[in-house]
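So in full-length UniProt numbering the end of the sequence shown lands on 349, straight run, no missing numbers.
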Amino acid sequence: MMVPTERALHEAIQVAPLDLPDDVKRQKIENLLAQMRLSGATARKIQDIFLSEMNKGIHQQDSSLQMENTYIPELPDGTEEGLFLALDLGGTNFRVLLLELVNGVVVREDVKKYHIGAHLRVGSGIPLFEYLAECVSNFVISEGLQDVELPLGFTFSFPMIQHSLDVGILVTWTKSFNCPDVVGKDCVALLEEALERRGDTRVKVVAVLNDTTGTLLQGATQDPHTAMGLILGTGSNACYLERADKVEHWEPERHGEREVIIDVEWGAFGDNGVLDFIKTDFDRQNDANSLLVSSFTFEKYISGKYLGEIVRCILIKLSKDGLLFARGTPESLLVSGCFLTDYISLIEQ
Numbered sequence: 001m002m003v004p005t006e007r008a009l010h011e012a013i014q015v016a017p018l019d020l021p022d023d024v025k026r027q028k029i030e031n032l033l034a035q036m037r038l039s040g041a042t043a044r045k046i047q048d049i050f051l052s053e054m055n056k057g058i059h060q061q062d063s064s065l066q067m068e069n070t071y072i073p074e075l076p077d078g079t080e081e082g083l084f085l086a087l088d089l090g091g092t093n094f095r096v097l098l099l100e101l102v103n104g105v106v107v108r109e110d111v112k113k114y115h116i117g118a119h120l121r122v123g124s125g126i127p128l129f130e131y132l133a134e135c136v137s138n139f140v141i142s143e144g145l146q147d148v149e150l151p152l153g154f155t156f157s158f159p160m161i162q163h164s165l166d167v168g169i170l171v172t173w174t175k176s177f178n179c180p181d182v183v184g185k186d187c188v189a190l191l192e193e194a195l196e197r198r199g200d201t202r203v204k205v206v207a208v209l210n211d212t213t214g215t216l217l218q219g220a221t222q223d224p225h226t227a228m229g230l231i232l233g234t235g236s237n238a239c240y241l242e243r244a245d246k247v248e249h250w251e252p253e254r255h256g257e258r259e260v261i262i263d264v265e266w267g268a269f270g271d272n273g274v275l276d277f278i279k280t281d282f283d284r285q286n287d288a289n290s291l292l293v294s295s296f297t298f299e300k301y302i303s304g305k306y307l308g309e310i311v312r313c314i315l316i317k318l319s320k321d322g323l324l325f326a327r328g329t330p331e332s333l334l335v336s337g338c339f340l341t342d343y344i345s346l347i348e349q
């Protein structure tokens, strides 16, 4: 494993100095923001804790890293052929895809995007899966394939415990979803049951995975040496290829697998308190304002869904201390979630 040098860590975390004509005000702002800047030694400590949590998780000991066995023992090798469906669910919008592969190459790709209203993202989860099934059925019928038996790969970008390639038990919702009655249930079974109730297509869910694993698989089609998938977006997660003999969680038993993809689920890194030493008051406010309080600690530090809210909390503090907004804090800024992460990039530009 390659470990960055102390100099590389130091250079990676350097921040441009604040350029303000008022030295007193500049120093006060710098002092307030100092808690948001991690030293090289702190970054190294986080790295050591992360490796320790990985090791605990892979051996099924108490850990904030789930280290989930995906039951995917190999990457694409260029021999894949056939007609496949894919359902990609991970946010307020989702996609249904029809893919045709010849010698591992996609020669046909039909895609349709759908929106999930707020009323489906909270409350009972049954209407959500009914809606997913409706969209899949409508898509298949629009392609004229309602009488064709179609295998479907279900990208379900939420933490789950996998018992096999086609069984994924939902652990918790994230982002803007909160349908508690289906937590602890098999997301594949929920989708298949909804499809069966409709009875207007011949779709069979053959695999469930999250977007991180899908990223690794897609990367392997472009470079056979790909060994890790990484998501840095609304949420954040990673997966990688691990030696099968190092993985303790197998249901059913191993059958000669040499490697397997491990879903780290690093969004929850620190949920057990191991990262509390870097948590600031701004992070605590961000957590308190979130849909899922006291969970997904690491994701709330770095992901696109939460960075805007952290900046909003900082701006309010600067304003209250008389360091920003001469006419007082704008009322619009007092609304949780009003400052989007996109704004940070726009301001930087």
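Quick reminder that beta carbons are idealized off the backbone N, C-alpha and C, glycines included. Here the structure is a predicted model, which means the values were calculated and not measured.
Item                                                                                                             : Value
Secondary structure of D223, DSSP reduced to three states                                                        : coil
Residue nearest to G267 in terms of C-alpha spacing, selected from L38, A41 and S63                              : S63
Close-in-space but distant-in-sequence residues of the same chain around L340 (CB under 6 Å, 5 per side omitted) : G308
Per DSSP, cross-strand counterpart(s) of A238                                                                    : L230
Buried/exposed call for C338, threshold 16 Cβ in 10 Å                                                            : exposed
Member of T70, I58 and C135 whose CA lies at the smallest distance from the CA of N93                            : C135
Every unbroken alpha helix (DSSP H) within the segment 64-149, with a cutoff of 4 residues, ordered by chain     : 118-121 and 126-142
Residues that DSSP places opposite Q162 in a beta bridge                                                         : G168
Collapsed DSSP secondary structure at L216 in the structure displayed                                            : helix
Straight-line gap, G168 to A189 (C-alpha atoms, nearest Å)                                                       : 9 Å
Rounded C-alpha distance that separates V205 from N138                                                           : 16 Å
Alpha carbon of R197 to alpha carbon of V171, nearest angstrom                                                   : 25 Å
T155 beta carbon less than 8 Å from that of N210                                                                 : yes
Delimiting residues of the alpha helix (DSSP H) encompassing E299                                                : T297 to I302
Closest by C-alpha distance to I126, when choosing among D287, G104 and E192                                     : E192
Alpha carbon of V122 to alpha carbon of Y131, nearest angstrom                                                   : 13 Å
Reduced DSSP category for K185 - H, G, I as helix; E, B as strand; rest coil                                     : coil
C-alpha distance - K317 paired with A34, whole-angstrom precision                                                : 14 Å
K25: first and last residue of the uninterrupted alpha helix (DSSP H) it sits in                                 : D23 to L33
8 Å Cβ cutoff met for E68 and Q162                                                                               : yes
Straight-line Cα distance separating C187 from G181                                                              : Looking at the sequence itself, residue 181 is Asp, so the reference to Gly does not match. Approximately 12 Å, taken between the alpha carbons.
Three-way DSSP call (helix, strand, coil) for V311 in this model                                                 : helix
8 Å Cβ cutoff met for A244 and E265                                                                              : no
Residue span of the alpha helix (DSSP H) that contains A16, given as start and end                               : Note, A16: premise wrong, no alpha helix (DSSP H); not H, not E.
Of the listed residues R26, L97 and P151, nearest to S142 (C-alpha basis)                                        : L97
Candidates G273, F177, S319 and I231: closest to S290 by CA position                                             : F177
Rounded C-alpha distance that separates P159 from M228                                                           : 18 Å
Member of T221, R95 and A16 whose CA lies at the smallest distance from the CA of E80                            : T221
Inter-residue CB distance, I29 and L323 (contact presumed, cutoff 8 Å)                                           : 6 Å
Among S157, V293, V140 and T329, nearest to D200 - alpha-carbon criterion                                        : V140
Enclosing beta strand (DSSP E) for E259 [first to last residue]                                                  : E259 to D263
One or two residues paired with L209 in a DSSP bridge                                                            : T155
Any chain D beta carbon closer than 8 Å to L83                                                                   : The structure shown contains no chain D; it holds only a single protein chain.
Residue nearest to L150 in terms of C-alpha spacing, selected from L120, A194 and L99                            : L99
Minimum C-alpha distance to C179 - residue among D166, L120, R202 and G235                                       : L120
Helix, strand or coil at R202 according to DSSP, with G and I counted as helix                                   : strand
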